[in-house]
Each structure stands twice: as C-alpha cells, then as structure tokens.
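> The structure that follows is given in the form of structure tokens.
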Amino acid sequence: MKNMNCHIEKYNESLNEGHIQKAYRGIMDTISRLKTTWDCRYPTTPSGSLYAGFMDMTFISVKPSVLSELDLRVSIVYLHESHTFEAWLVARNRKIQSTIHHQLRKKELGTYSLTELGPGVDSIISMTLNSEPDFDDTEVLINEIIEKTWNFILDMTDLVR
C-alpha cells in the first residue's frame, strides 16, 4: 500500500500538467450553469446547493413538492470516474430510503429497477442521463440533462404515489 506522501507526489505531478484544474473547472462550471438553468426553468422546484464532492461525484438536488412531502428528492449527479451523468431518487436519511425501497419492491417499476442498498449507496432508483457528455457543447448537454431529469421526476412521482 502506498503511503500518503507518494499519493500527494502523484497528485502534484498531475496538477503540474494542468489538465486536472481545467477539467475540474469545466465540470463545475457546467453543473453551476445546469443549476442556474434549472432554477430559471422550474422556479417552483428549485435546486439545492451544489455539492462539489471529493472528485468522486458532484451533484445538485431538486425537491419537487410531491417527493418532498415524503422526504425524497432527485439528485442530478456527475460521476467523475465513469464520466457519466445520472438522476437518482434519494431520501433524506437511510431509514426513509429503506422504507421507500421496501414499498417500491411491491410495485411494477416499468423500465426502472431498484438500486441494491448497501453502505455508501444513496440512490433508491438511478437512471443514466448521459454516458458520453460533450463538455464542448454544454448548452445541448444541459438541456438534455434537464429534460431527462424532469421526465424522471414525473415517473418517480407516479411511482411513489
């Protein structure tokens, strides 16, 4: 197992190349614009704060009223390692997550499937929004993510009623 100094050295070498900073800034700028666009388009379903993460995931959450009443929300998540955007149905805490997961096991989920619950798993249901995001055309990317997320919200609202 490498010691921390070795990891820091590799990290610094990567930073000195300059790609990490530019890529990370591009990801954060895109998700910030996604949040702003979402809030303008859906003012009655505002997004929460942007969670930057630890270079594992970056996300914003939205709380549609029907889902919020059940302590649920939808997170729009960028997964850094797999370079994908996903929509997640998530709960306020693990107890609610487990309860909703159990209730949904009894329902026909259509094209969706339940996430296998376990340590570190936040989603109840997840859906890939874009598996090959084009950060050179962020306007198209943002509009696609918003449209697919809104449809996911409508589907999740129907499922939890």
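Under my numbering, the first residue of the sequence shown is numbered 36, with each subsequent residue one higher. Virtual Cβ for every residue (Gly too), placed ideally from N, Cα, C. Every value quoted in this text rests on a predicted model; they were computed, and no experiment measured them.
Check E174 in the structure and name its three-state DSSP category.
Of the three classes helix, strand and coil, the one that applies to E174 here is helix, per DSSP.
> Taking the continuous beta strand (DSSP E) assigned at M162, which residues delimit it?
Unbroken beta strand (DSSP E) run through M162: 158-165.
> Residues in its own chain within less than 6 Å of P81 by CB, not counting five upstream and five downstream?
Answer for P81: D74, listed in chain order.
> By DSSP's criteria, M92 is part of a beta bridge. Which residues make up the other side?
BP columns for M92 point to L114.
> Quick one: is E121 buried, meaning 16 or more other Cβ sit within 10 Å of its Cβ, or exposed?
By the neighbour-count rule (16 or more Cβ atoms within 10 Å), E121 is buried.
> What does DSSP give as the partner residue(s) for S82 in the beta ladder?
Its beta-bridge partners are V97.
> Between the alpha carbons of M63 and L102, how many angstroms are there, rounded?
Roughly 26 Å separates the two Cα atoms.
> Mind checking which residues open and close the beta strand (DSSP E) that includes L124?
L124 -> beta strand (DSSP E) spans 119-126.
> Name the DSSP beta bridge partners of V195, please?
According to DSSP, V195 bridges with nothing at all.
> Between T65 and T173, which are expected to be in contact by the criterion C-beta below 8 Å, what is the C-beta distance as a whole number of angstroms?
That belief holds up - the Cβ atoms of T65 and T173 are roughly 5 Å apart, short of 8 Å.
> Quick one: what does DSSP say L105 is sitting in, helix, strand or coil?
Note: L105 maps to coil in three-state DSSP.
> So, for V175: in the same chain, excluding its five sequence neighbours on each side, which residues have a beta-carbon less than 8 Å away from its beta-carbon?
Correct list, in chain order: D169.
> Looking at the structure shown, is L50 part of a helix, part of a strand, or coil, going by DSSP?
L50: helix per DSSP, three-state reduction.
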